[in-house]
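For the record, in the sequence shown the residue sitting at position 105 is 114 according to the numbering used here, with numbers rising by one throughout. Beta carbons: idealized from backbone N, C-alpha and C, even for Gly. Since this is a predicted model, take the numbers as computed values, not measurements. Notes for the one structure printed next.
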Amino acid sequence: NEGDIFGASISLSADGRLVAIGAPYRATNGNYRSGEVYFYEDRGFEPAEWIESRARLSGSNKEDYFGWSVSLGSEGDYVAIGAPINQEESRPGYVRTYKYTGIDDKWEQLGQDIIGDDDGDRYGFSVSMDGFGGKVAVGAYRGHSGRGKAVIYSLQGSKWKPIGGHLLGMSDEN
10 NEGDIFGASI
20 SLSADGRLVA
30 IGAPYRATNG
40 NYRSGEVYFY
50 EDRGFEPAEW
60 IESRARLSGS
70 NKEDYFGWSV
80 SLGSEGDYVA
90 IGAPINQEES
100 RPGYVRTYKY
110 TGIDDKWEQL
120 GQDIIGDDDG
130 DRYGFSVSMD
140 GFGGKVAVGA
150 YRGHSGRGKA
160 VIYSLQGSKW
170 KPIGGHLLGM
180 SDEN
């Protein structure tokens, strides 16, 4: 749709046959700019034929900007999605992770939402997931009093937990 900024973020699976594409300004479920992520697969025919292949994933709230960042695991069965401007008042941002079950075309959330520490952090402005869905790196360019920060998380049981300290920007003007 007009103004969705489809293609704002993009990630390919390791074999290059699945692509996740963010449209963070997309309105879903009546929520203005909640955001949405689409999945397209190359079915392996020549010439390549990209078709929407999996259920879309959508932001929960108005102005989440879900899909601002996206990162697929190597096989495309795991995905991490950033929503850097959620919650109308404090806007810390969050990252949500999923595993594709393949049953009834469903995605299952992995762990809890990874939420920014402070108001205005813009958590999820950037995100990178390892190949197997067990680690996620989250960028927050306004975190650490505007200096920026990155945090690496590991899925331990059903919870995302930070590993090591926060990686902090040094400059007063990020």
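{"Check": "Valine 136 CB to nearest chain D CB: under 8 Å?", "Outcome": "No chain D appears in this structure, which consists of one protein chain only."}
{"Check": "Confirm, please, whether the CB-CB distance from glycine 76 to glycine 31 is below 8 Å.", "Outcome": "yes"}
{"Check": "Determine, using beta carbons only, whether alanine 92 and tyrosine 103 come nearer to each other than 8 Å.", "Outcome": "yes"}
{"Check": "On a CA-only basis, which of Trp116, Asp73, Glu61 and Val46 is nearest proline 101? Give me that one, please.", "Outcome": "Asp73"}
{"Check": "Quick one: grab the DSSP three-state call for aspartate 122.", "Outcome": "strand"}
{"Check": "For serine 5, which residues from the same chain have a beta carbon less than 7 Å from its beta carbon, with the 5 sequence-adjacent residues on both sides left out?", "Outcome": "Because the chain here runs from 10 to 183, residue 5 falls outside it and cannot be looked at."}
{"Check": "Would you kindly work out how many angstroms separate the C-alpha atoms of glycine 125 and alanine 149, rounded to a whole number?", "Outcome": "8 Å"}
{"Check": "Report the CB separation of serine 43 from serine 135 in whole angstroms; it is logged as a contact under 8 Å.", "Outcome": "Not confirmed; about 20 Å, so no contact."}
{"Check": "I'd like to know whether the C-beta atoms of serine 83 and glycine 25 end up nearer to each other than 8 Å.", "Outcome": "no"}
{"Check": "Rank Leu27, Ala146 and Ala57 by C-alpha distance to the C-alpha of alanine 64 and give the top, closest one.", "Outcome": "Leu27"}
{"Check": "I'd like the ranges of any beta strand (DSSP E) spanning at least 3 consecutive residues and lying wholly in the region 135-168.", "Outcome": "135-138, 144-149 and 158-165"}
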